[in-house]
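Participant:
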Amino acid sequence: MDVTASSLSPRRKTRQIAVGKVLVGGDAPISVQSMTTTKTADVEGTLAQIYALAAEGADIVRCTCNEVAAAEGLAQIVPRSPVPIVADIHFHVEMALAALEAGVQGLRLNPGNLRKPEEIKLVASEARDRGVPIRIGVNAGSLHPDIYERFGGATPEALVESARIELAYFEEVGFSDVKISVKASSVATMIAAYRLASETFDHPLHLGVTEAGPLPGGLLKGTAGIATLLAEGIGDTFRYSLTADPVEEARAGRQLLEALGLRERKGLDLIACPSCGRAEVDVIKVANEAQTALAALNLPIQVAVMGCVVNGPGEARHADLGIAAGKKRGHLFIKGEIVRVVKEEDMVEALVEEAKKIAAEGVEARLAARDLGAAAEAEADRALLLDSRGADANHSNERIAQIRRRTEQ
Ligand code: SF4
Numbered sequence: 088m089d090v091t092a093s094s095l096s097p098r099r100k101t102r103q104i105a106v107g108k109v110l111v112g113g114d115a116p117i118s119v120q121s122m123t124t125t126k127t128a129d130v131e132g133t134l135a136q137i138y139a140l141a142a143e144g145a146d147i148v149r150c151t152c153n154e155v156a157a158a159e160g161l162a163q164i165v166p167r168s169p170v171p172i173v174a175d176i177h178f179h180v181e182m183a184l185a186a187l188e189a190g191v192q193g194l195r196l197n198p199g200n201l202r203k204p205e206e207i208k209l210v211a212s213e214a215r216d217r218g219v220p221i222r223i224g225v226n227a228g229s230l231h232p233d234i235y236e237r238f239g240g241a242t243p244e245a246l247v248e249s250a251r252i253e254l255a256y257f258e259e260v261g262f263s264d265v266k267i268s269v270k271a272s273s274v275a276t277m278i279a280a281y282r283l284a285s286e287t288f289d290h291p292l293h294l295g296v297t298e299a300g301p302l303p304g305g306l307l308k309g310t311a312g313i314a315t316l317l318a319e320g321i322g323d324t325f326r327y328s329l330t331a332d333p334v335e336e337a338r339a340g341r342q343l344l345e346a347l348g349l350r351e352r353k354g355l356d357l358i359a360c361p362s363c364g365r366a367e368v369d370v371i372k373v374a375n376e377a378q379t380a381l382a383a384l385n386l387p388i389q390v391a392v393m394g395c396v397v398n399g400p401g402e403a404r405h406a407d408l409g410i411a412a413g414k415k416r417g418h419l420f421i422k423g424e425i426v427r428v429v430k431e432e433d434m435v436e437a438l439v440e441e442a443k444k445i446a447a448e449g450v451e452a453r454l455a456a457r458d459l460g461a462a463a464e465a466e467a468d469r470a471l472l473l474d475s476r477g478a479d480a481n482h483s484n485e486r487i488a489q490i491r492r493r494t495e496q
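So for the sequence shown, this note's numbering puts the first residue at 88; every next one is plus one.
(1) What span of residues does the beta strand (DSSP E) with Asn-226 cover, start to end?
(2) Could you tell me the distance, in whole angstroms, from the CA atom of Asp-89 to the CA atom of Glu-345?
(3) From the DSSP output, read off the bridge partner residues of Asp-175.
(4) Under three-state DSSP, which class holds Leu-283?
(5) So, is Glu-336 buried or exposed, given that buried needs 16 or more other C-beta atoms within 10 angstroms?
(6) Do you know offhand how far Gly-394's Cα is from Lys-415's?
(7) The ligand SF4: which residues have Cβ under 5 Å from any of its heavy atoms, chain order?
(8) Please work out which residues of its chain come closer than 7 Å, Cβ to Cβ, to Thr-151, disregarding the five sequence neighbours upstream and downstream, and give them in chain order.
(9) Do Ile-321 and Tyr-281 have their beta-carbon atoms positioned less than 9 Å apart in this structure?
(10) Should Leu-161 and Ala-189 be called a contact, given that it needs their Cβ atoms to be closer than 9 Å?
(11) What residue does the alpha helix (DSSP H) around Thr-133 start on, and which one ends it?
(12) In terms of residue numbering, what span does the alpha helix (DSSP H) encompassing Arg-237 cover?
(13) What did DSSP end up calling Arg-215 once you bin it into helix, strand or coil?
(14) Below 8 Å on the Cβ atoms is my guess for Ile-388 versus Leu-419; work out the distance and round it to an integer in Å.
(15) Going straight from the alpha carbon of Ala-426 to that of Arg-457, what length do you get?
(16) First and last residue of the alpha helix (DSSP H) that includes Val-334?
(17) Considering only their Cβ atoms, is the gap separating Thr-315 from Ile-267 smaller than 9 Å?
(18) Please report the distance separating the alpha-carbon of Leu-349 from that of Arg-486.
(19) Quickly, what does DSSP pair Lys-266 with across the bridge? List them, please.
(20) Which one of His-231, Val-296 and Leu-471 has the shortest CA to CA distance from Pro-204?
(21) Would you decide whether Arg-492 is buried or exposed? Buried here means 16 or more other CB atoms lie within 10 Å of its CB.
(22) So, does the stretch 182–198 touch the stretch 217–226, judging by three or more C-beta pairs under 8 Å?
(23) Report the partner residues of Ala-442 according to the DSSP bridge assignment.
(24) Go through its chain and collect everything with a Cβ distance to Ile-137's Cβ below 6 Å, but skip five positions before and after it.
(25) Are the beta-carbon atoms of Gly-368 and Tyr-327 separated by less than 9 Å?
(26) What would DSSP say about Phe-288, mapped onto helix, strand or coil?
(27) Does any residue of chain B bring its CB to less than 9 Å from the CB of Val-450?
(28) Helix, strand or coil: how does DSSP classify Thr-125 here?
(29) Which whole-angstrom value is the C-beta distance of Val-106 and Val-165, which I expect to be below 8 Å?
(30) Hey, how far is the Cα of Ala-380 from the Cα of Lys-422?
(31) Helix, strand or coil for Ala-162? Go by DSSP, reduced to three states.
(32) Where in the stretch 411–470 do unbroken runs of the beta strand (DSSP E), each at least 3 residues long, occur, reported from the N-terminal end onward?
(33) Let me make sure I understand the geometry here. Which of Val-130, Ser-249 and Gly-300 has the alpha-carbon closest to that of Ser-272?
(34) Select from Leu-347, Leu-472 and Glu-376 the residue whose C-alpha is nearest the C-alpha of Pro-97.
(35) Would you mind stating whether Leu-283 and Ile-313 have Cβ atoms separated by less than 9 Å?
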């Protein structure tokens with residue numbers, strides 16, 4: 088775990104449950120979830136999507152179970168899925184029972200949809216007997232009308248109360264293998280609801296901003312809510328709810344955890360400067376080309392693309408590998424140390440080649456194999472650039488003299 092994770096608030100202690108082979112809560116890694124958009128009865132189509140989601144970082148995948156054909160599909164999907172499958176039950180108790188018969192590793196019940204206490208308790212009893220956990224998935228948009236009325240709306244308190252009532256039914260039948268979500272499409276409501284939930288329950292919490300919408304706004308809303316809570320130590324698993332290919336949800340989830348230092352990097356992390364007037368190259372173009380070329384290598388490496396040699400290598404010295412542009416050349420650096428100077432048109436190729444060598448030989452070996460003249464060459468380019476655009480490009484001395492003349496008057 089890197090230093091960024093230890094800079095966050097300590098994780099709140101929760102119970103641990105097992106969704107198939109994936110542990111959720113306690114000290115288990117925070118898991119990423121997503122949901123298929125195929126008809127669950129379409130077994131091959133659904134499995135193809137589940138595999139795509141798992142490849143992008145989903146640890147758990149949810150499928151809808153809205154009809155008998157969907158439950159029958161689940162019976163065939165579950166044994167072939169690379170990740171545990173959770174069935175989403177909408178309004179019918181029969182579908183919950185059918186999904187359990189299909190062998191799913193988890194259920195999601197919405198207290199606003201399945202409302203009869205005897206039905207809730209029946210599902211909880213069956214899940215208890217089979218050792219299958221349930222998510223109490225409260226949603227501000229489908230809150231039980233009685234609670235909505237009592238609280239005067241879908242307030243954070245109302246969402247948590249809905250979960251508490253459902254949990255009490257479960258506890259009546261001795262079932263506590265539960266995780267809880269209190270989602271809302273309002274980021275502020277969702278954050279407040281989860282804060283309250285984490286004070287109220289010690290069950291694992293599943294985070295999410297519901298109906299966040301299409302990219303890029305949906306991603307921003309999801310991140311605003313989920314990342315805020317994770318940074319406070321709240322949350323054990325989460326899903327981005329995007330109006331997009333669900334692969335985007337899985338990818339974003341994984342990237343968020345890696346960015347927060349909560350999961351180890353599995354793939355490329357390409358960082359790049361935002362570019363500015365000092366840039367010696369089209370940073371956006373080079374960064375995009377590097378992203379495409381390096382992503383194909385599938386290596387857990389952080390690579391920097393920096394627009395100028397004046398600030399680039401220093402600002403990105405934490406990156407495993409990077410390149411900075413200057414004087415029609417690229418300064419290739421490893422951990423901030425210049426190792427080679429290449430032609431501008433060879434920058435991306437040089438990054439790809441060096442990334443492969445770092446993966447094969449390690450950082451130390453590649454630093455030892457540096458081109459010994461590179462640092463001096465790079466320093467000369469840097470000095471030239473500083474001279475032409477640097478400290479006195481603003482005619483500082485003349486300006487200072489003018490300021491002094493004015494302030495002396
Ligand atoms: S690295 Fe250079 S080009 Fe990029 S933002 Fe910083 S100063 Fe500007």
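We put the CB at the ideal spot given by N, CA and C, even for glycine.
Facilitator: By the coordinates alone:
(1) Along the sequence shown, read from residue 1 onward, the residue named residue 226 stands at position 139. 221–226 is the extent of the beta strand (DSSP E) around Asn-226.
(2) As a working mapping, residue 89 is identified with position 2 in the sequence shown. As a working mapping, residue 345 is identified with position 258 in the sequence shown. Note that Asp-89 scores 47 on pLDDT, short of 50, meaning its location in the model is unreliable; the coordinates nonetheless yield the value given after this. When rounded, the distance between both Cα atoms is 10 Å.
(3) Taking the first residue of the sequence shown as 1, we reach residue 175 at position 88. Bridge partners of Asp-175: Thr-151 and Arg-195.
(4) On the sequence shown, residue 283 is found 196 positions in, with the first residue counted as 1. The answer is helix: DSSP assigns Leu-283 an H, G or I state.
(5) In the sequence shown, counting from the first residue as 1, residue 336 sits at position 249. By the 10 Å Cβ count, Glu-336 comes out buried.
(6) Working through the sequence shown from its first residue, we reach residue 394 at position 307. Working through the sequence shown from its first residue, we reach residue 415 at position 328. Straight-line Cα distance between these residues: approximately 11 Å.
(7) Any heavy atom of the ligand SF4 counts here; residues with a Cβ closer than 5 Å to one of them, in chain order, are Cys-360, Cys-363, Arg-365, Ala-366, Met-393, Gly-394, Cys-395, Asn-398 and Gly-399.
(8) Sequence index remark: in the sequence shown, residue 151 carries index 64 (1-based). The answer, listed in chain order, is Thr-127, Ala-157 and Asp-175.
(9) Counting from one through the sequence shown, the residue named residue 281 turns up at place 194. Counting from one through the sequence shown, the residue named residue 321 turns up at place 234. A contact, by the Cβ cut-off of 9 Å.
(10) Position 74 of the sequence shown, counting from 1, holds the residue named residue 161. Position 102 of the sequence shown, counting from 1, holds the residue named residue 189. Closer than 9 Å, so yes.
(11) By 1-based counting over the sequence shown, the position of residue 133 is 46. Per DSSP, Thr-133 belongs to the alpha helix (DSSP H) from 130–143.
(12) Stepping through the sequence shown from its first residue, residue 237 is reached at position 150. Where Arg-237 is concerned, the enclosing alpha helix (DSSP H) stretches over 232–238.
(13) The sequence position of residue 215 within the sequence shown is 128, counting from 1. Three-state result, Arg-215: helix.
(14) Taking the first residue of the sequence shown as 1, we reach residue 388 at position 301. Taking the first residue of the sequence shown as 1, we reach residue 419 at position 332. That pair is no contact at about 14 Å.
(15) Walking along the sequence shown from the start, residue 426 turns up at place 339. Walking along the sequence shown from the start, residue 457 turns up at place 370. With the sequence shown as reference, residue 426 is identified as Val, and Ala is not the correct amino acid for it. Near 4 Å, if we compare the C-alpha coordinates of Arg-457 and Val-426.
(16) On the sequence shown, residue 334 is found 247 positions in, with the first residue counted as 1. In the DSSP annotation of this structure, the continuous segment of the alpha helix (DSSP H) that includes Val-334 starts and ends at 333–346.
(17) Taking the sequence shown and counting its residues from 1, the one referred to as residue 267 is at position 180. Taking the sequence shown and counting its residues from 1, the one referred to as residue 315 is at position 228. Against a cut-off of 9 Å, the Cβ pair of Thr-315 and Ile-267 comes out as no contact.
(18) Looking up residue 349 in the sequence shown gives position 262. Looking up residue 486 in the sequence shown gives position 399. Straight-line Cα distance between these residues: approximately 49 Å.
(19) In the sequence shown, counting from the first residue as 1, residue 266 sits at position 179. Its beta-bridge partners are Arg-222.
(20) Position 117 of the sequence shown, counted from the start, is the residue given in the question as residue 204. Nearest C-alpha to Pro-204: His-231.
(21) Counting from one through the sequence shown, the residue named residue 492 turns up at place 405. A residue is called buried when at least 16 other Cβ atoms come within 10 angstroms of its Cβ; Arg-492 does not meet this threshold and is exposed.
(22) yes
(23) The residue you call residue 442 lines up with position 355 of the sequence shown. Ala-442 pairs with nothing; no bridge assigned.
(24) Position 50 of the sequence shown, counting from 1, holds the residue named residue 137. Closer than 6 Å at Cβ, skipping near neighbours: Val-148 and Ser-168.
(25) Translated into positions along the sequence shown, residue 368 becomes position 281. Translated into positions along the sequence shown, residue 327 becomes position 240. At residue 368 the sequence reads Val, which differs from the Gly that was named. No; because the gap between Cβ atoms is not below 9 Å, this pair is not in contact.
(26) For the purposes of this step, residue 288 is taken as residue 201 along the sequence shown, with counting starting at 1. Phe-288: coil per DSSP, three-state reduction.
(27) Any reference to chain B falls outside this structure, which holds one protein chain only.
(28) As a first step, residue 125 must be located in the sequence shown, where it is residue number 38. Coil at Thr-125, not helix or strand.
(29) As a position in the sequence shown, residue 106 is number 19, starting the count at 1. As a position in the sequence shown, residue 165 is number 78, starting the count at 1. The Cβ separation is near 12 Å, so there is no contact.
(30) Translated into positions along the sequence shown, residue 380 becomes position 293. Translated into positions along the sequence shown, residue 422 becomes position 335. Their Cα atoms are separated by approximately 20 Å.
(31) Mapped onto the sequence shown, residue 162 falls at position 75. Looking at Ala-162 - three-state DSSP - the assignment turns out to be helix.
(32) 416–421 and 424–430
(33) Taking the first residue of the sequence shown as 1, we reach residue 272 at position 185. Comparing alpha-carbon positions, the option among Val-130, Ser-249 and Gly-300 lying closest to Ser-272 turns out to be Gly-300.
(34) As a position in the sequence shown, residue 97 is number 10, starting the count at 1. Of the listed residues, the one whose Cα sits closest to Pro-97 is Leu-347.
(35) As a first step, residue 283 must be located in the sequence shown, where it is residue number 196. As a first step, residue 313 must be located in the sequence shown, where it is residue number 226. No, these two residues do not count as a Cβ contact at 9 Å.
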